Amino acid sequence: MTYLIRTFSRRGFVGTAAASAMVLGTPIKASARAGKAVSGLEILMGQKRALLAGKRVGLITNPTGVTLKLESAIDLMARARDFKLAALFGPEHGVRGDAQAGAAVADNVDARTGLPAFSLYGTTRKPTPAMLAGLDVLVFDIQDIGARFYTYPWTLALVMQAAREAGIGVIVADRPNPIGGIRVEGPVLDSALASFVGAYPIPIRHGMTLGELALMMNTDFSIGCNLNVVRCTNWRRTDNASQTGLPWVPPSPNMPTIDTAFIYPGTCLIEGTNLSEGRGTAKPFELIGAPFIDAQALADKLNQRNLPGARFRPAWFTPSFSKFQGQLCAGVQVHITDRTSFAPVDAGIAILLEVVRHHGKDFSFLPGKPPFFDKLAGVSWLREAILAGESLDAIKTRWQPELAAFTLKRARRLLY
């Protein structure tokens, strides 16, 4: 959605004189919680609760908005007496996570609380003035995945824009990046390809939390809303979701495990092709294939590449929905042998290079203007390079200048 793109500024904060950005929360020593991270939600409802006192609150959340004890942010806030939870807002998949990928979600009334539950993935993806009427602040508490084409960061961007226009504040209750906060990978988005699977020039794997992305969008990309980021605590950037001590709640129906989240930044690219990305199976994004693939040959070729942290097993599967529904597909399952060294974008591109090389007559990128693959990749040249059979090393070299520039910009927004 090109309307998300705003003027880029290198001068730091840009916005109205009334706009501000604050970062709240003090790190807890590792010994204080025996290694467990503490989500921004728990900090907000505890030591930073004064941010909500006396206010009418709109909450943007989904099933991942829970405490360490799996208590919902909705339930916590609905019981509050020092502020009023007045409205709920749901991203893709809905407030309660009951909608499949890409399915439009309608406004409704939340059955548990009786609150209006406005959809930000239906007739509008940006809160309207009518939805925000009477609210004093918006709280955003959703677990992100760490990949540019996940839609939650772009829901956050539109929430921030709407809040600025309505003159109300935004609080981001931050959570750890589940695939770690160190590695950045892949091409940086070309703004000409901006969409709801990538609205600002960041790489496929950005290595940031939603709170950090909010700061970047508010300053570097000039949203300029009244923003507070409530930090999660006791999280180290080297920690992935399995090391935080926090419960894993699938952020969307096709993100069942932590390994799925690690693989997703690479194999989500498959969505832009006529290969199955494993939707409709128990291993979405881990299983890749099609009826025309030679499973053993593909696995052998990929394993010969010796990609760090990855092994590829020949696999057969029959999707229950999505591409090739009810048809037997052959292909590979991606197995992570070391999460630290695994580079998912490399793995996704390597799969495509081998499929084009050995099954070029049957393989195709999905049509479109621009092709959906280009929106996912963030650039048009990657599709062309794959079709031309460029080496993986040559492809990676091409995105290094923009990635290096992003890394410098990113360093100014890191909170942990």
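Converting from the sequence shown to the working numbering requires adding 442 to each position, the first position being numbered 1.
Where is the CB? At the ideal position from N, CA and C, for every residue including glycine.
Being a predicted model, the structure only gives us computed values, none of them experimental.
What span of residues does the alpha helix (DSSP H) with W823 cover, start to end? 823-830
In the stretch 507-552, which residue ranges form an unbroken beta strand (DSSP E) of at least 3 residues, counting only runs that do not cross its ends? Runs found: 526-532.
Comparing C-alpha positions only, which one of D517, A785, V798 sits nearest to G556? D517
Element boundaries [beta strand (DSSP E), containing V499]: 498-503
Assign W596 to one of three DSSP states: helix, strand, or coil. Of the three classes helix, strand and coil, the one that applies to W596 here is helix, per DSSP.
Could you check what DSSP says for L427 in three-state terms: helix, strand or coil? There is no way to answer for residue 427, as the model of the chain reaches only from 443 to 858.
Please state whether the Cβ-Cβ distance between L635 and G802 is less than 9 Å. no
Taking the alpha helix (DSSP H) that H801 belongs to, which residues open and close that run? 786-801
Quick one: using the 10 Å Cβ neighbour count with 16 as the cut-off for buried, is Q603 buried or exposed? With 16 or more Cβ atoms within 10 Å of its Cβ, Q603 is classed as buried.
According to DSSP, is Q489 helix, strand or coil? coil
N504 versus N748 - alpha carbon distance: 38 Å
Rounded straight-line distance, which links the Cα of T680 to that of I587: 15 Å
Is the separation between the beta-carbon of A703 and that of I644 shorter than 9 Å? no
R852 and E534 - do their beta-carbons sit closer together than 9 Å? no
Own chain partners of L562 with C-beta closer than 6 Å, once the 5 adjacent residues on each side are dropped: These residues qualify, in order along the chain: F531, P533, T597.
By Cβ distance below 7 Å, which residues in the same chain neighbour K811 in space, the five residues on each side in sequence not counted? none
Which of the three DSSP states is assigned to G720 in this structure? coil
Distance CB(K526)-CB(R498) smaller than 9 Å: yes
With distances taken Cα to Cα, identify the nearest neighbour of N682 among K490, V579, S783, R523. S783
Could you pull out every residue in the same chain whose Cβ sits closer than 7 Å to the Cβ of V547, ignoring the five residues on either side in sequence? G532, G536, A541, S561, Y563, G564
Nearest residue (CA-CA) to G623, options A589, V601, S633: A589
Nearest to V581 by CA position, among A599, L794, F591, E719, is which residue? Ranking the options by Cα distance to V581, first place goes to A599.
Name the DSSP bridge partner or partners of W758? A772
N- and C-terminal bounds of the alpha helix (DSSP H) containing A846: 834-853
Just the C-alpha distance for T468 and V480, rounded to the nearest angstrom, thanks. Note that T468 scores a pLDDT of 44, beneath 50, so its modelled location is shaky; the value from the coordinates is reported in the next line. Answer to the nearest angstrom: the Cα atoms are 11 Å apart.
Per-residue DSSP class, three states only, for S764: In this structure, S764 counts as coil in the three-state DSSP scheme.
Between R606, S762, T651, which lies nearest to Y594 when the distance is taken from Cα to Cα? Nearest C-alpha to Y594: T651.
A847 burial status per 10 Å Cβ neighbour count (16 or more: buried): exposed
Taking the alpha helix (DSSP H) that L582 falls in, what are its first and last residues? Just to set this straight, residue 582 is Phe in the shown sequence, not Leu. Segment 579-583 is the beta strand (DSSP E) holding F582; no alpha helix (DSSP H) there.
Going by the beta-carbon positions, is the gap between H777 and F754 smaller than 9 Å? yes
Helix, strand or coil at G482 [DSSP, three-state]: helix
Return helix, strand or coil for L749, following the three-state DSSP convention. Residue state, collapsed to three classes: coil.
Close-in-space but distant-in-sequence residues of the same chain around A543 (CB under 8 Å, 5 per side omitted): E534, H535, S694, P695, N696, R721
In the structure shown, what three-state DSSP assignment does N676 receive? coil
Bridge partners for I730 per DSSP, in chain order? V774
In terms of DSSP beta bridges, what is L657 paired with? In the DSSP output, where bridge partners are listed per residue, L657 has none listed.
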